[in-house]
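Residue numbers (the numbering used here): 6 to 406. No residue lacks a Cβ here, since even glycine has one placed at the ideal position from N, Cα and C. Please read the structure below before turning to the comments.
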């Protein structure tokens, strides 16, 4: 027996996902309003799961109405009371788990429209493939889950598992958990439950994935370096580069040249081990930042600097880690990270804010007056935010008073 249940993700929404909360409340309210199973006293079988007035809102190919493509997604039920409760609780739990961050990305109005369109397209897919009457938010929730897969493929999903006597949790990247477990395994390989609308689920996933990819590709929503569209573009660039170089094309001169066999530099075992460890740490830092696990990324960065103090991270990665170290009260380490940032990324558009932060670290926590004054004076020349400028001037006055 194997039981797997996702319980949380490694990211949290930056703003309150009001639209997702409203959808959950509306779904639960309509469930309480419409779910009224009638049991045959002789056979003990459920002969009706909804109140009579609500049955017209089920998506039914035999009595098809346009409004049913939306209304069916707000009804829940099953062949027993327990099935009905599992149906609503399961759908709302997954909507909460994946919908909050998608809501945060799309905004409240955009997310609401996306959710309703997910219900429509999953219903259309179900009907076209030849399904019977259907109800439930599963198709719309699948669309939201597909959107999460595209927007946050590298985040971690904490999964609770129960395998015979083994119980515990583990973290799985969203790309693999949603792509393999939820889409392939649950809806394509294991189609054993006759009351589950698998085709509606798959239609919802397809809509969610393709719609969000289209929005990212056309710029309708802002992308990031870690979403699936960015991953596809990086893969395509690498593919084109490999194809060009393998044909003898030199990307630096624009000329095609014959291949030459070069004698490789002989490296010692210690050098190879250092390079491998450095590469492993850098990849680990990038992976943790993609998952928004900044505390772990900061720990790996400290290990990397102990191994090789000359290692330089990409600009945003280094700034995120310096901020995390400052938040963890690792003042000396964060000051070194900020110094490295200013040394290598002095043209950063908000460098004065980094100067301010570094000056405050030296002044308040490290008791180093000379570098504190230097950085605060540099910040005071460029700061435009009145609050930050006053903080900087007050700190300077205290140091020089």
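Residue i burial status per 10 Å Cβ neighbour count (16 or more: buried)
| i | result |
| --- | --- |
| residue 31 | exposed |
| residue 160 | buried |
| residue 391 | exposed |
| residue 312 | exposed |
| residue 105 | buried |
| residue 233 | buried |
| residue 216 | buried |
| residue 110 | buried |
| residue 169 | exposed |
| residue 276 | exposed |
| residue 119 | buried |
| residue 97 | buried |
| residue 192 | buried |
| residue 266 | With a pLDDT of only 49 at residue 266, under the threshold of 50, the placement of this residue in the model should not be trusted; the figure read from the coordinates follows. It is exposed - the Cβ of residue 266 has fewer than 16 other Cβ atoms within 10 Å. |
| residue 332 | exposed |
| residue 73 | buried |
| residue 132 | buried |
| residue 368 | buried |
| residue 140 | buried |
| residue 194 | exposed |
| residue 69 | exposed |
| residue 2 | The structure shown has nothing for residue 2, since the chain only spans 6 to 406. |
| residue 227 | exposed |
| residue 59 | buried |
| residue 229 | exposed |
Rounded distance between the beta-carbons of residue j and residue i, thought under 8 angstroms
| i | j | result |
| --- | --- | --- |
| residue 345 | residue 317 | 7 angstroms |
| residue 128 | residue 77 | 6 angstroms |
| residue 138 | residue 65 | 4 angstroms |
| residue 219 | residue 123 | Actually they are not in contact, since the Cβ atoms of residue 219 and residue 123 sit about 14 angstroms apart, beyond 8 angstroms. |
| residue 150 | residue 187 | 6 angstroms |
| residue 347 | residue 359 | 6 angstroms |
| residue 102 | residue 223 | That belief does not hold up - the Cβ atoms of residue 102 and residue 223 are roughly 28 angstroms apart, past 8 angstroms. |
| residue 340 | residue 366 | 5 angstroms |
| residue 336 | residue 290 | So it is not a contact: roughly 21 angstroms between Cβ atoms. |
| residue 75 | residue 125 | 6 angstroms |
| residue 136 | residue 206 | Contact flag wrong, Cβ pair sits at about 11 angstroms. |
| residue 142 | residue 79 | 7 angstroms |
| residue 307 | residue 278 | About 20 angstroms; that fails the 8 angstroms criterion. |
When the options are compared against residue i, the one with the closest alpha-carbon
| i | options | result |
| --- | --- | --- |
| residue 297 | 171, 81, 18, 7 | 18 |
| residue 25 | 394, 100, 10 | 100 |
| residue 380 | 396, 394, 362 | 362 |
| residue 405 | 375, 281, 323 | 375 |
| residue 166 | 158, 176, 157 | 176 |
| residue 7 | 21, 173, 28, 145 | 173 |
| residue 387 | 352, 235, 140, 402 | 352 |
| residue 299 | 69, 329, 334, 157 | 329 |
| residue 315 | 238, 131, 349 | 349 |
| residue 225 | 60, 112, 27, 203 | 112 |
| residue 147 | 195, 241, 204, 178 | 204 |
| residue 303 | 274, 279, 342 | 342 |
| residue 93 | 28, 131, 242 | 28 |
| residue 356 | 369, 373, 334, 382 | 382 |
| residue 211 | 189, 197, 227 | 189 |
| residue 54 | 67, 68, 70, 37 | 37 |
| residue 117 | 134, 273, 22 | 22 |
| residue 295 | 130, 156, 9 | 156 |
| residue 171 | 364, 334, 354, 9 | 9 |
Contact check, residue i vs residue j, beta carbons under 8 angstroms
| i | j | result |
| --- | --- | --- |
| residue 305 | residue 320 | no |
| residue 89 | residue 40 | yes |
| residue 107 | residue 153 | yes |
| residue 324 | residue 309 | no |
| residue 82 | residue 91 | no |
| residue 378 | residue 394 | no |
| residue 180 | residue 158 | yes |
| residue 182 | residue 11 | yes |
Distance cut-off 7 angstroms: residue i Cβ against heavy atoms of the ligand ZN
| i | result |
| --- | --- |
| residue 106 | For the ligand ZN, the structure offers nothing, since it holds no ligand at all. |
At which residue ranges does the region 172-228 contain complete beta strand (DSSP E) runs of 3 or more residues, listed in the order of the chain? Entirely contained in the region 172-228, not one beta strand (DSSP E) run reaches 3 residues.
Taking only runs of the alpha helix (DSSP H) that begin and end inside the region 314-367, which ones reach a length of at least 4 residues, in chain order? Segments of the alpha helix (DSSP H) lying fully in the region 314-367: 320-332, 336-349, 356-365.
Can you give, in chain order, each stretch of the alpha helix (DSSP H) that sits fully within the region 32-105 and has at least 4 residues? Taking only runs of at least 4 residues, the alpha helix (DSSP H) segments lying wholly in the region 32-105 are 73-76.
Jot down the residue ranges of each uninterrupted alpha helix (DSSP H) in the region 109-165, minimum 4 residues, whole runs only, in chain order. Within the region 109-165, the complete alpha helix (DSSP H) segments of 4 residues or longer fall at 113-133, 143-156, listed in chain order.
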